[in-house]
Structure formats: C-alpha cells, structure tokens
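Let me begin by presenting the structure, written as structure tokens, before commenting on it.
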Amino acid sequence: MSKMPANQTRSRVKARNNVLNRPEFMSLNQPLKSVTAEARGTARRPSQRTQPSQNQTSENAQNESAENNKDNKELPEEDCMQLNPSFKGIAINSLLAIDICLSKRIGVCAHTTSSWGSVRSMVKLLALTGHGIPWIFGTIVCLTRSNTLAGQEVLVNLLLALLLDVMTVAGMQKLVKRKGPWEMPPSFLDYLAMDIYSFPAAHASRAAMVSKFLLAHLVLAVPLRILLVLWAVLVGISRVVLGRHHLTDVGCGFALGFLHYTLVEMVWLSSNTCQTLISIGTFNWSPFY
1 MSKMPANQTR SRVKARNNVL NRPEFMSLNQ PLKSVTAEAR GTARRPSQRT
51 QPSQNQTSEN AQNESAENNK DNKELPEEDC MQLNPSFKGI AINSLLAIDI
101 CLSKRIGVCA HTTSSWGSVR SMVKLLALTG HGIPWIFGTI VCLTRSNTLA
151 GQEVLVNLLL ALLLDVMTVA GMQKLVKRKG PWEMPPSFLD YLAMDIYSFP
201 AAHASRAAMV SKFLLAHLVL AVPLRILLVL WAVLVGISRV VLGRHHLTDV
251 GCGFALGFLH YTLVEMVWLS SNTCQTLISI GTFNWSPFY
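Position 88 of the sequence shown, counting from 1, maps to 88 under UniProt numbering, and the rest follow consecutively.
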C-alpha cells in the first residue's frame, strides 16, 4: 500500500478535530449573505406575528412627529406671536378681561332676576330715548310741521347726522361682530336700526351726537343744557346696566358720536340745499321751475 503524504494526513486530522465541522455548527460555515438573509427572515416573521401593535405605534409616532415638524415649519407668524405674546398683547388682553369683568358687574339689570331687576323697565325706557328709530321719525315729523327756513335747515342737517350715525355704527358692528357681556338677543327695534352687535354702542354714539348738535344749534337755558348732557351720559350707562354693551363699547360710542357731529358741521347743508331736498322728498318740484 502506498503511504499518504504527511501533509494530507495532518490536514485530515485538523479537519476532524475542528469543532466547526460538527453538525450543530455547520450553519456557521455557510456564506454570510445566506445567513443574514435567513436571520432577517426569521426575525421578521415573529415580529410581524407577535408584535404588530408595536410596529403600528412606532409608525404612528413617526408620522405624528413628521406632521408636527411640518406644522412647526408652516406656522404663521401670528400663531408664533400667540405662543410668545409680547408686552403689548398681554396688556391688551388684560384690559379686555378687566372690561368684561367690570361690565358684567355693572349689568345689574340684565335680567329680571338680577339685583336691580325691579327697575329694569325704567332703565329700558331711558335707553329707548336714545334709540335711532324714534329720533329719525321724530325729526321727520318735526320737519313736516316746521314753517321756518332756519328750523328746516337745522332739522334736515340733524336728519343727515342721524342717518350717518346709523349707517356708520351698523357697518362697524358688522365688521367687528363683538357680542355683549351677557350675549342678550337684540329686540325688534334693534334689528330695524341694525344695532345687533355690541361694539360700538349705537345708543351712546347717538346720544353724544344729538346732545352736541342741540347744544350748538338751539338756545337753551343752563339747567336744560346740564340735563341734556346728563341725559346723554345716562343713556350710555343704561346700556351697560342692561347688559347689552361693555364699558369700552360705550366709550367708543361717545367718541364716534362727537366725530359724527364734527363731520356734519364740516359738510353743513345750506338753506337752499335743504329746500331742494325737502322738495324732492315731498314731490314738490316747484323750485326747479
């Protein structure tokens, strides 16, 4: 028999003694790609079967984080200012909170069950004296019965001021859409005068404009002048007591009434213009011939 070389015998002995050649370690001798692929396959199967909820929660968390990042990137500057308000914003919000709190406390006649609910009817009657509908119809009636040119001139300009006040206040209320402190529904006359919202206070604006107008164009005694100013102030306060307006609504209403009076004085209609308007309104065309 031929003898095997010494090198081959030595290699066979090493192969037999090598632990990795045993059956339980045969998988370690396979290529890395197949081992990793099988390991991934075996790792995915139990995770998909036993832990679907964890995968879903992780995916939802990733989606939420991605959406939050997008929202943070797309936030407008106004929202960023709300998250980090400035000193001006804090001051304005504080003043509005104080305004609402004081207005609710002063609204002692907001309901019949309020602390001053027994005098609610009297306060409503006082507030009615500053309503736009009675003033407009009253001015028209006085204009039809006036026989002097000076009286007709004053009444026509007063009617113009009342219409200007109604339209301006209605436009501002429609633009701001601020509700009252007690959010009470408007009455039928309020719908006619387009006095639906709270800011600015139409009664206060009208009372301030009418009182200033009458003080400037009527000769009144001192007690009557004091009563006229007191009436305008009480009309504005009555709206807060009834719970229909805030204090700032009444204050802005007073300022707006003075502005309306100034505008009417700037565009004051002459006597001839007033007679022309009266002739058009009464369908009397004699001035044109």
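All C-beta atoms in this analysis are idealised placements derived from N, C-alpha and C, irrespective of residue type, glycine included.
In this text the structure is predicted, and so the values were computed from the model without any measurement.
Of all the options the options, which has the alpha carbon lying nearest to the alpha carbon of residue i?
i           : options                        : result
Phe188      : Val233, Leu230, Leu128, Leu214 : Leu128
Leu214      : Ile92, His203, Leu228          : Leu228
Val264      : Leu234, Val156, Thr282         : Val156
Ser238      : Ser279, Ser114, Arg120         : Arg120
Trp268      : Gln152, Leu234, Ala202         : Gln152
Val176      : Tyr191, Gly243, Ser198         : Ser198
Ala202      : Leu220, Ala221, Ala216, Ala232 : Ala232
Gln173      : Ser279, Ser94, Ile136, Val250  : Val250
Val241      : Leu160, Gly117, Ser86          : Gly117
Arg244      : Lys124, Asp165, Ile92          : Lys124
Val235      : His260, Met209, Gly180         : Met209
Tyr205      : Leu220, Val166, Pro186         : The sequence as given places Ser at residue 205; Tyr does not occur at that position. For Ser205, the nearest C-alpha among the options comes from Val166.
Cys109      : Ile98, Ala97, Met122, Ile100   : Met122
Thr144      : Leu159, Gly130, Ile133         : Leu159
residue 316 : Pro185, Ile90, Lys212, Leu277  : In the structure as shown, the chain begins at 1 and stops at 289. Residue 316 is therefore absent and cannot be evaluated.
Residue i by DSSP, collapsed to three states: which one?
i           : result
Leu269      : coil
Trp135      : helix
residue 293 : Look at the range of the chain in this structure, 1 to 289, and you will see that residue 293 is not part of it.
Cys109      : coil
Asn157      : helix
Asn93       : helix
Thr282      : coil
Ser146      : coil
Ser121      : helix
Ser103      : helix
Cys80       : Interpretation of Cys80 is limited by its pLDDT of 47, a score under 50 that renders its predicted location unreliable; the figure taken from the coordinates is listed afterwards. The answer is helix: DSSP assigns Cys80 an H, G or I state.
Arg44       : Any reading at Arg44 is ruled out, since the residue's pLDDT is 48, under 50, leaving its predicted position unreliable.
With respect to the alpha helix (DSSP H) encompassing residue i, which residues constitute its N-terminal and C-terminal limits?
i      : result
Gly130 : Looking at the DSSP string, Gly130 is not in any alpha helix (DSSP H), and its letter there is neither H nor E.
Where are the alpha helix (DSSP H) runs, 4 residues long or more, that stay fully inside the stretch 176 to 259, in chain order? 188 to 192, 202 to 217, 222 to 241
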